[in-house]
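K.L.:
Structure in structure tokens, see below.
There are 2 protein chains.
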Amino acid sequence: MPTDLPDFDLSRFLPYRLTVAAERLSAALARRYRSEFGISVAEWRVLVHLADAGAVSIRDLEARVHLEKSKASRAASRLVEAGYVVKTANPDDRRLVRLSLSDSGRTLMTDLLPLARAYQERLEYLVAPHLDGLEAALDTFMAEEPGGGGTGS
Amino acid sequence: MPTDLPDFDLSRFLPYRLTVAAERLSAALARRYRSEFGISVAEWRVLVHLADAGAVSIRDLEARVHLEKSKASRAASRLVEAGYVVKTANPDDRRLVRLSLSDSGRTLMTDLLPLARAYQERLEYLVAPHLDGLEAALDTFMAEEPGGGGTGS
DNA sequence: CAGCATTCGTTGCATCCGCAATGAGGTCAA
DNA sequence: TTGACCTCATTGCGGATGCAACGAATGCTG
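Below is the structure:
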């Protein structure tokens with residue numbers, strides 16, 4: 000009988016742990032955004048980027064807030080339809096789109112941003128003793144190419 | 000002109016950072032699982048749990064490897080169809096399902112587990128100076144109820 | 001200027017997802 | 001034993017997702 004499988008502890012596997020923790024941190028806030036404002040996570044990222052970057056293209060969103068372009072495009076469309084975002088063509092390069100907050104979008108962000116800020120502060124307080132280590136670790140993961148190791152062929 | 004929006008740095012927002020880092024860590028390995036073995040992340044979690052827990056029910060998977068029950072059910076079905084997993088009824092309680100690895104499933108895990116183990120070791124090596132802080136921070140997030148803060152009504 | 005490659009955003013499609021409803025099985029008390 | 005209630009797993013459904021294909025616009029080379 001083959002009981003020869005190597006031991007493996009999923010609960011210590013870093014990709015798993017990070018995924019579960021990330022879902023957990025996002026869930027509470029995301030639920031609130033959705034129920035109170037009808038905003039999804041993708042839409043929220045778009046709004047936040049517009050709030051401090053002004054006029055932005057889809058590919059800008061893709062690069063800056065880590066949204067795959069079709070996801071960014073659809074999130075932007077929903078926001079336009081909801082009246083929070085205005086979409087114009089870029090006169091210098093008509094392939095590009097210029098997304099920016101409408102007045103009602105700016106008003107919305109006046110409510111949303113303090114919520115996020117408070118949540119961030121709460122999280123930082125919770126992990127205060129380990130915050131530096133956490134951030135350093137995340138920076139490391141983001142800087143490295145994690146798949147480039149020795150197992151490739 | 001309303002430039003009165005509060006500053007907010009998405010790139011420092013912990014739910015965002017964790018989500019992006021988690022996607023990054025999972026992506027490389029997940030791509031490989033999919034291309035070489037045709038296995039998704041959900042299916043992989045099921046397999047790993049079966050590899051060291053023996054016979055398991057769906058609700059077991061839900062609790063242990065953080066898979067929503069319909070997701071666990073569908074992942075299990077795909078694995079049964081692929082021949083890696085055997086599904087029997089629990090004779091003591093016929094509501095429950097008993098999932099276990101087939102021989103070919105065990106063979107598969109003989110290939111998969113070392114891959115995951117090597118990846119984990121590589122990640123631990125990368126963040127070695129901050130590993131303790133990272134794990135402590137993740138434990139904190141998992142222990143607390145992150146949405147329970149003062150902003151609720 | 002003509003021709004070809006590249007960039008950008010959208011959309012079609014197959015799949016996946018979560019939630020709620022369903023149905024089969026089990027428990028408990030009268 | 002019967003009937004009300006609970007637990008499991010599956011499935012239907014609306015919506016989201018990622019990828020590839022596409023059309024429009026631009027850049028590049030000769």
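Line by line, the protein sequences give chains A and B. Letter by letter, the first sequence follows residues 0 to 152 of numbering that gives the first Met the number 0. Letter by letter, the second sequence follows residues 0 to 152 of numbering that gives the first Met the number 0. We put the beta carbon where it would ideally sit given N, CA and C, even for glycine.
What does a CB cutoff of less than 6 Å around GLY104/B pick up in its chain, not counting 5 residues either side in sequence?
P.N.:
Position 105 of the second sequence, counted from the first residue, corresponds to residue 104/B. Result list for GLY104/B: TYR83 and VAL84, in chain order.
K.L.:
Give me the Cβ distance between SER39/A and ARG33/A, rounded to the nearest whole Å; I'm assuming they're in contact under 8 Å.
P.N.:
Residue 39/A sits at position 40 when you count from the first residue of the first sequence. Residue 33/A sits at position 34 when you count from the first residue of the first sequence. So it is a contact: roughly 7 Å between Cβ atoms.
K.L.:
Count the CB pairs spanning the stretch 43-57 of chain B and the stretch 5-15 of chain B that are closer than 8 Å, and state whether there are at least three.
P.N.:
Flag = no, the stretch 43-57 of chain B and the stretch 5-15 of chain B do not touch.
K.L.:
VAL126/A by DSSP, collapsed to three states: which one?
P.N.:
Within the first sequence, numbered from 1, the residue matching residue 126/A stands at position 127. Residue state, collapsed to three classes: coil.
K.L.:
What residues in its chain sit with their C-beta under 8 Å from that of TYR15/B, if we drop five residues either side in the sequence?
P.N.:
Your numbering for residue 15/B matches position 16 in the second sequence. Closer than 8 Å at Cβ, skipping near neighbours: LEU9.
K.L.:
Could you please give the first and the last residue of the uninterrupted alpha helix (DSSP H) stretch that includes VAL79/B?
P.N.:
Within the second sequence, numbered from 1, the residue matching residue 79/B stands at position 80. Note, VAL79/B: alpha helix (DSSP H), 68-81.
K.L.:
Starting from the beta carbon of GLU143/B, find every residue of chain A whose beta carbon is closer than 8 Å, and list them in chain order.
P.N.:
Mapped onto the second sequence, residue 143/B falls at position 144. Per Cβ cutoff of 8 Å: LEU125.
K.L.:
Under the three-state reduction of DSSP, which class applies to ARG97/A: helix, strand or coil?
P.N.:
For the purposes of this step, residue 97/A is taken as the residue at position 98 of the first sequence. In this structure, ARG97/A counts as strand in the three-state DSSP scheme.
K.L.:
Quick check on DSSP: helix, strand or coil for ALA50/A?
P.N.:
Along the first sequence, read from residue 1 onward, the residue named residue 50/A stands at position 51. Correct three-state label for ALA50/A: helix.
K.L.:
Less than 8 Å between the C-beta atoms of ALA158/A and GLU42/A, yes or no?
P.N.:
What is shown of chain A runs 0 to 152, which leaves residue 158/A out entirely.
K.L.:
Measure the CB-CB distance between SER56/B and LEU95/B and report whether it falls below 8 Å.
P.N.:
As a working mapping, residue 56/B is identified with position 57 in the second sequence. As a working mapping, residue 95/B is identified with position 96 in the second sequence. Yes, the Cβ-Cβ distance between SER56/B and LEU95/B is below 8 Å.
K.L.:
If you measure from the beta carbon of PHE12/A to each beta carbon in chain B, is any gap under 8 Å?
P.N.:
On the first sequence, position 13 is the one that residue 12/A refers to. So yes, PHE12/A belongs to the interface.
K.L.:
What first and last residue would you give for the beta strand (DSSP E) that runs through VAL84/A?
P.N.:
Counting from one through the first sequence, the residue named residue 84/A turns up at place 85. Here the beta strand (DSSP E) through VAL84/A covers 84-88.
K.L.:
DSSP three-state label for VAL45/B, please.
P.N.:
In the second sequence, counting from the first residue as 1, residue 45/B sits at position 46. Looking at VAL45/B - three-state DSSP - the assignment turns out to be helix.
K.L.:
Using a Cβ-Cβ cut-off of 7 Å (strictly less than) and excluding sequence neighbours within five positions of GLU67/B, which residues of its own chain qualify?
P.N.:
Locating residue 67/B in the second sequence gives position 68, where the first residue counts as 1. The residues are GLU61.
K.L.:
In three-state DSSP terms, what is VAL19/B?
P.N.:
For the purposes of this step, residue 19/B is taken as the residue at position 20 of the second sequence. Three-state result, VAL19/B: helix.
K.L.:
Counting only Cβ pairs nearer than 7 Å, list the residues of chain B close to ASP131/A.
P.N.:
What you label residue 131/A is simply residue 132 of the first sequence in a count that begins at 1. Within 7 Å Cβ-Cβ: GLY132.
K.L.:
When the Cα atoms are used, what is the spatial distance from ARG31/A to HIS65/B?
P.N.:
The residue labelled residue 31/A in the question sits at position 32 within the first sequence. The residue labelled residue 65/B in the question sits at position 66 within the second sequence. Each residue's alpha carbon lies about 22 Å from the other.
K.L.:
Could you name the residues of chain B that GLU71/A contacts, counting a contact when the two beta carbons are closer than 7 Å?
P.N.:
The residue labelled residue 71/A in the question sits at position 72 within the first sequence. The sequence shown places Ala at residue 71/A, not Glu. Here the premise fails: no neighbours, minimum Cβ distance about 14 Å.
K.L.:
At least one CB of chain B closer than 8 Å to the CB of LEU60/A: is that the case?
P.N.:
On the first sequence, position 61 is the one that residue 60/A refers to. No, its Cβ sits nowhere closer than 8 Å to a Cβ of chain B.
K.L.:
In chain A, what lies closer than 7 Å to ALA173/B by C-beta?
P.N.:
Any question about residue 173/B goes unanswered here, given that chain B covers just 0 to 152.
K.L.:
Taking 8 Å as the CB-CB cut-off, is THR87/A touching chain B?
P.N.:
Here the question's residue 87/A lines up with position 88 in the first sequence. Not one chain B Cβ lies under 8 Å of THR87/A.
K.L.:
Taking the C-alpha atoms as reference points, what is the distance between GLU80/B and ALA71/B?
P.N.:
Taking the first residue of the second sequence as 1, we reach residue 80/B at position 81. Taking the first residue of the second sequence as 1, we reach residue 71/B at position 72. Computed Cα separation, rounded: 14 Å.
K.L.:
With three or more beta-carbon pairs closer than 8 Å as the criterion, would you say the stretch 125-140 of chain B touches the stretch 125-144 of chain A?
P.N.:
The stretch 125-140 of chain B, when compared against the stretch 125-144 of chain A, does touch it at the 8 Å Cβ threshold.
K.L.:
Which chain B residues sit within Cβ distance under 8 Å of ARG116/A?
P.N.:
One-based indexing of the first sequence puts residue 116/A at position 117. What ARG116/A touches in chain B: PRO5 and PHE7.
K.L.:
Taking C-beta pairs closer than 7 Å, name the residues in chain A that VAL47/B reaches, listed in chain order.
P.N.:
The sequence position of residue 47/B within the second sequence is 48, counting from 1. Ordered by position in chain A, the residues that pass the 7 Å Cβ test against VAL47/B are PHE7 and LEU9.
K.L.:
Out of curiosity, what's the CA-to-CA distance linking SER101/A and THR18/B?
P.N.:
Walking along the first sequence from the start, residue 101/A turns up at place 102. Walking along the second sequence from the start, residue 18/B turns up at place 19. Rounded to the nearest angstrom, the two C-alpha atoms are 28 Å apart.
K.L.:
I believe PHE36/A touches LEU112/A by the beta-carbon criterion, under 8 Å. Please report the beta-carbon distance rounded to the nearest angstrom.
P.N.:
The count along the first sequence starts at 1 and reaches residue 36/A at position 37. The count along the first sequence starts at 1 and reaches residue 112/A at position 113. That pair is no contact at about 12 Å.
K.L.:
Select from the stretch 18-34 of chain A all residues with a C-beta closer than 7 Å to any C-beta belonging to chain B, and list them in chain order.
P.N.:
So the list reads THR18, VAL19, ALA20, ALA21, ARG23, LEU24, SER25, ALA27 and LEU28, given in the order they occur along the chain.
K.L.:
Given ARG63/B, which residues of its chain have a CB within under 7 Å of its CB, disregarding the five upstream and five downstream residues?
P.N.:
What you label residue 63/B is simply residue 64 of the second sequence in a count that begins at 1. So the list reads HIS48, once near-sequence residues are dropped.
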